[in-house]
Each structure stands twice: as structure tokens, then as C-alpha cells.
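Visitor: Heads up: take any position in the sequence shown, counting from 1, add 232, and you land on the working numbering.
Virtual Cβ for every residue (Gly too), placed ideally from N, Cα, C.
Note that the coordinates shown come from a computational prediction; the quantities given were computed from them, not determined experimentally.
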Amino acid sequence: MSDEQRSYLIAYDVKDDRRRSHVAKLLQSYGERMQYSVFLLRIRPAKLIAVQTVLETEIDLLSDSVVVCDLGPSNRVNQALNFIGVRGYKDIVIPTII
């Protein structure tokens, strides 16, 4: 497995507010929010495996879904993404449920 940083687009559909908040916080700690439930991560493949492992423990595998798209080497991500309209997303504060 290469040690080169790659770019991954990760999108999720999580039904429960608490689980959704955990998934968003996890992904925020590794990457940039592109849209409400879409993140761009620039990480090494080994780190992606760790992120996926945590995601599997956070979601309900019977009702939630996460899709991971490999966009290739990080230095080529600008060629892989084409925006129409505003690029990026201003992060919102996600309430913490206690």
C-alpha cells in the first residue's frame, strides 16, 4: 500500500441525529466539509482504513450508509472536482446531544 496522500470524497446518510453528529465530527477532524453531508479528506490510505473502522462502529449498518470515493493523489484533486456555483461549505455548529 502506498504511503502517498490521496483524496477521498466521503458522503453519508445517517438517520439518527446523534450518530450523524458523531460521523460529522469524525470526518471534520480529518478533512474539509464540502456540503452538509459530504467531506473531502486528504489522507494516507492507512489512515482511511482507520477512519472507515471508526465509521463502522458509529453507524447503524442496517439503516445508515457511507460512500467513499477515491479521487486519486492529493496533488491532482483540483482536476477531479468540478464545481458549479459556490465552492465549499461554511461549517455550521452541530449541537451536542447529552
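Measure the CB-CB distance between residue 306 and residue 250 and report whether it falls below 8 Å.
Guide: Cβ distance not < 8 Å, so residue 306 and residue 250 don't count as in contact.
Visitor: Nearest by alpha-carbon distance to residue 263: which of 317, 283, 245, 278 is it?
Guide: Nearest of 317, 283, 245, 278 to residue 263, Cα basis: 283.
Visitor: Buried or exposed for residue 281, please, with buried defined as at least 16 other CB atoms from any protein chain shown within 10 angstroms of its CB.
Guide: Burial call: exposed.
Visitor: Tell me which same chain residues have a C-beta within less than 7 Å of the C-beta of residue 295, skipping the five on either side of it?
Guide: Cβ neighbours of residue 295 beyond the five flanking positions: 247.
Visitor: Would you check if the distance between the CB atom of residue 270 and the CB atom of residue 241 is smaller than 8 Å?
Guide: Yes; because the gap between Cβ atoms is below 8 Å, this pair is in contact.
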